[in-house]
């Protein structure tokens, strides 16, 4: 890739990251191109679809979350590993409003540029879930697809301004529903957060 083309590509990615953080994944591609000081045709030459732009933007994050799952598989208790990874995934998805909607669609769409990364991420979570299930610390009537859906659900809560104050507490509710027995008491929690909130 020529130096000027790489510069344009990097500029588009930098601007896209900021724009999506501010406005969500539905931000206009034309607006991203304008803010990056390139033509829309130039943007589309590098990223022919919105999913292709997101895949390039999120590729590193997908890789980091997948690698984190691999590390957690061999460290700590199975239930702690599962909850820590689940919390990291939810925190990441809330950085880019609406990304879980595209991820949920992409995982069923083999033509989507996001498909492979989403499948890999779901498989990483499934391995952590299976490990906890085999240890008897997670319920056995859910699978990796359910876990992926729960991440999307929790991320959606974080996207709703009126529900954001409840998001952390509801994360703990969901995590407790995944775990079984004594594992609920051993799972990592935010000890500084009140157990109840008004309203």
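Numbering (our numbering), first residue to last: 19 to 217. Virtual Cβ for every residue (Gly too), placed ideally from N, Cα, C. Quick caveat: nothing in here was measured; it's all calculated off a predicted structure.
Alpha carbon to alpha carbon, what distance is there between residue j and residue i?
i	j	result
residue 81	residue 180	31 Å
residue 208	residue 186	Per-residue confidence for residue 208 stands at a pLDDT of 48, beneath the threshold of 50, marking its modelled position as unreliable; the derived number appears in the next sentence. Taking the straight line from one Cα to the other gives about 9 Å.
residue 92	residue 32	34 Å
residue 130	residue 62	16 Å
residue 87	residue 111	16 Å
residue 217	residue 190	Low confidence applies to residue 217: its pLDDT is 40, below 50, so where it sits in the model is not reliable enough to give any reading.
residue 289	residue 56	Residue 289 cannot be examined here, being either before or after the span of the chain that is shown, 19 to 217.
residue 36	residue 29	11 Å
residue 90	residue 59	43 Å
residue 26	residue 54	8 Å
residue 157	residue 72	33 Å
residue 103	residue 137	16 Å
residue 107	residue 139	9 Å
DSSP beta-bridge partners for residue i?
i	result
residue 197	156
Are there 16 or more other CB atoms within 10 angstroms of the CB of residue i, so buried, or fewer, so exposed?
i	result
residue 178	exposed
residue 155	buried
residue 46	exposed
residue 85	exposed
residue 69	buried
residue 128	exposed
residue 48	exposed
residue 66	exposed
Just verifying my parser: in three-state terms, what is the DSSP assignment at residue i?
i	result
residue 53	helix
residue 181	coil
residue 113	coil
Alpha helix (DSSP H) runs wholly inside the region 124 to 170, at least 4 long, in chain order: 133 to 152
Could you pull out every unbroken beta strand (DSSP E) segment of at least 3 residues lying fully inside the region 42 to 88, listed in chain order? none
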